[in-house]
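A.B. asks:
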Amino acid sequence: MNSEEHGETSKAPLGRGLGRGVSILDLVLRVIAVVGTLASAISMGTTDQTLPFFTQFIRFKARYSDFPTLTFFVVANSIVSTYLILSLPLSIVHIIRSRAKYSKLILIFFDAAMLALVTAAASSAAAIVYLAHKGNARANWFAICQQFDSFCERISGSLIGSFAAMVLMILLILFSAISLARR
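Going by the UniProt record's numbering, the sequence shown opens with residue 1, and the numbers climb by one from there.
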């Protein structure tokens with residue numbers, strides 16, 4: 001009987017240490033996701049390129065705000081970034097108090113909502129970036145990336161941080177769910 005009690009007490013510190021490790025990993029993943037979403041929003045939001053046409057008075061300009069989908073991308077990544085920043089203190093509380101169950105459940109719920117938002121934004125922006133690169137002959141949409149190469153490089157690059165944040169958000173949800181299931 002004594003060995004069983006000893007076995008239970010020896011597992012408790014291991015479980016707490018593992019829980020604390022998962023909470024620290026949660027915090028690190030949130031910080032990296034903040035960087036990804038914020039960099040994506042800033043990169044896309046500051047993208048524009050102007051090309052002269054015959055004279056200096058007639059110019060063609062490409063801006064992210066010319067495409068409503070890219071505007072949605074900037075707004076959605078800004079919202080997700082703000083949420084992730086606001087969730088950092090709660091993530092720190094989970095490091096200190098690894099037994100907090102309801103706050104982890106709340107984070108899973110909001111993490112899932114933010115995952116849906118960033119997925120919608122990144123996917124719709126990826127479709128526009130594809131059209132900018134390839135065009136669509138059937139719809140008579142021309143590829144603009146041969147002329148606006150700098151613009152296209154920046155909008156393509158801004159997708160990377162957003163898709164990385166999607167992966168990180170999935171990992172956050174999985175780790176939180178595993179942590180809750182162990183209880």
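Glycine included, every Cβ here is placed at the ideal spot set by N, Cα and C.
May I have the straight-line CA-CA distance separating LEU14 from THR37, to the nearest angstrom?
C.D. replies: At LEU14 the pLDDT is 48, less than 50, meaning the model places this residue with poor confidence; the figure from the coordinates comes in the next sentence. Each residue's Cα considered, the two are about 34 angstroms apart.
A.B. asks: Between LEU131 and LYS101, what straight-line distance do the alpha-carbon atoms span, to the nearest angstrom?
C.D. replies: Each residue's Cα considered, the two are about 45 angstroms apart.
A.B. asks: On the three-state DSSP scale, how would you describe ASN140?
C.D. replies: coil
A.B. asks: How many whole angstroms separate the CB atoms of ASN77 and SER162, which I take to be in contact at a CB cut-off of 8 angstroms?
C.D. replies: 6 angstroms
A.B. asks: Might you give, ordered along the chain, the residues of its own chain that have their beta carbon closer than 6 angstroms to the beta carbon of GLU8, omitting 5 neighbours on each side?
C.D. replies: The predicted model places GLU8 with a pLDDT of 44, which falls under 50 and marks its position as unreliable; any figure quoted below should be read in that light. Within the same chain, GLU8 has no close Cβ partners at all.
A.B. asks: When you compare only the Cα positions, how much space is there between SER40 and THR119?
C.D. replies: If you draw a straight line from the Cα of SER40 to the Cα of THR119, it comes to about 13 angstroms.
A.B. asks: Indicate whether ILE85 and VAL34 have their beta-carbon atoms separated by less than 8 angstroms.
C.D. replies: yes
A.B. asks: What does the Cβ neighbour count give for ARG30, buried or exposed, with the cut at 16 atoms within 10 Å?
C.D. replies: buried
A.B. asks: Taking C-alpha atoms, which residue in ALA127, CYS145, LEU172 and ALA139 lies nearest to LEU70?
C.D. replies: Nearest option by C-alpha distance: ALA127.
A.B. asks: Please check the pair SER124 and PHE72, which I expect to be a contact at CB under 8 angstroms, by giving their CB distance rounded to whole angstroms.
C.D. replies: 7 angstroms
A.B. asks: For ARG63, which of helix, strand or coil comes out of DSSP?
C.D. replies: strand
A.B. asks: Go through its chain and collect everything with a Cβ distance to LEU171's Cβ below 7 angstroms, but skip five positions before and after it.
C.D. replies: LEU29
A.B. asks: Here's a check: name, in chain order, each residue in its chain whose Cβ is nearer than 8 angstroms to the Cβ of SER23, leaving out the five neighbours to either side.
C.D. replies: SER91, HIS94, ILE95, SER98 and SER179
A.B. asks: Leaving out five residues on either side along the sequence, give the residues of the same chain with a beta carbon under 7 angstroms from the beta carbon of ARG138.
C.D. replies: none
A.B. asks: Quick one: what does DSSP say ALA164 is sitting in, helix, strand or coil?
C.D. replies: When DSSP states are grouped into helix, strand and coil, ALA164 belongs to the helix group.
A.B. asks: Between the beta-carbon of LEU107 and the beta-carbon of SER176, is there less than 8 angstroms?
C.D. replies: Yes.
A.B. asks: Using 10 angstroms around the beta-carbon of VAL167, count the other beta-carbons present and answer buried if the total reaches 16, otherwise exposed.
C.D. replies: Classification of VAL167: exposed, given that the 10 Å Cβ count is below 16.
A.B. asks: Which term fits GLY21, buried or exposed, when burial requires 16 or more other beta carbons within 10 angstroms of its beta carbon?
C.D. replies: exposed
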